[in-house]
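Taking my numbering, the leading residue of the sequence shown gets 2, the next gets one more, and so forth.
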Amino acid sequence: YTHPDGSITFGKTTDLERLGGAVENPFFSSCGAIWSFECAVKAAEILGGVDSELCAQFAKMAEGLRRTLPNDGTKYVPYKGCKENSIAVTTGMYPYPVLSVDDPLERAAVNYFYDERYSAGNMYAVGSGLCPWYASWIASAMSNYGISDKSLALLKEASAQIGYFAEHFEINEKGVIMNPW
Numbered sequence: 002y003t004h005p006d007g008s009i010t011f012g013k014t015t016d017l018e019r020l021g022g023a024v025e026n027p028f029f030s031s032c033g034a035i036w037s038f039e040c041a042v043k044a045a046e047i048l049g050g051v052d053s054e055l056c057a058q059f060a061k062m063a064e065g066l067r068r069t070l071p072n073d074g075t076k077y078v079p080y081k082g083c084k085e086n087s088i089a090v091t092t093g094m095y096p097y098p099v100l101s102v103d104d105p106l107e108r109a110a111v112n113y114f115y116d117e118r119y120s121a122g123n124m125y126a127v128g129s130g131l132c133p134w135y136a137s138w139i140a141s142a143m144s145n146y147g148i149s150d151k152s153l154a155l156l157k158e159a160s161a162q163i164g165y166f167a168e169h170f171e172i173n174e175k176g177v178i179m180n181p182w
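Below, the structure written as structure tokens:
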């Protein structure tokens, strides 16, 4: 949405299972949209079929979304007013590398999720561990920051939860098993 004051925000969506539905201007979806807009511009340039007007619009939307990413003044948050910890705040580093490693709000958000990872480490509010998907996700973000010891430790933690067929799924910790079949 483009608002009368010129700001641009993402509409309502369900960003992640734990955060509920109809979340307005969520961090995760906004980062995905920024990445999509910027990739479309780069692809048009590479392919030579540049529609300069459309590319300019995409670039403007990406920059506008970047300026309105929700934060609490010290770190990015899943959405404005959200008090819950969520893997969503790491998505500016991975899987959508749309923020610089020099962005202090993203670094603070990644570190906050890491420090509090067991409070929201599963896709669903069960268990007490860190699901392998989230462990791998935060390991990728830590790798972007060059923090290899934490990245490696997270990957080891993820590998401890592989299933009978060497598969990873949502939650496979002792006493809590939720698989896709």
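All residues carry an ideal CB built from backbone N, CA and C; glycine is no exception.
Since the model is a prediction, treat every value here as computed from it, not as a measurement.
Contact annotation: the segment 46-54 does not touch the segment 98-108, with fewer than three C-beta pairs closer than 8 Å. Classified as exposed, T75 has fewer than 16 neighbouring CB atoms from the shown chains inside 10 Å of its CB. Closest in C-alpha terms to E46, from the list S141, A60, L155 and D116, comes A60. A check of alpha carbon separations from M124 across Y2, G147 and E174 identifies E174 as the nearest. Around the beta-carbon of S87, 16 or more other beta-carbon atoms lie within 10 Å, marking it buried. Apart from the 5 residues on each side of it in sequence, P98 sits with its Cβ closer than 8 Å to the Cβ of W36 and N145 in its chain, given in chain order. Distance from the Cα of K84 is smallest, within the candidate group E158, L131 and F114, for F114. Taking a C-beta distance under 8 Å as the contact criterion, S8 and G65 qualify as a contact pair. Taking the Cβ atoms as the reference, W134 lies roughly 7 Å from H169, within the contact range of under 8 Å.
Rounded to the nearest whole angstrom, the CA to CA distance from L48 to A89 is 32 Å. Rounded to the nearest angstrom, the gap between the Cα atoms of A23 and A34 is 17 Å. For the set D116, F166, G12 and A142, the Cα lying nearest the Cα of N26 is the one of G12.
Burial of D16 is indicated by the presence of at least 16 other C-beta atoms within 10 angstroms of its C-beta.
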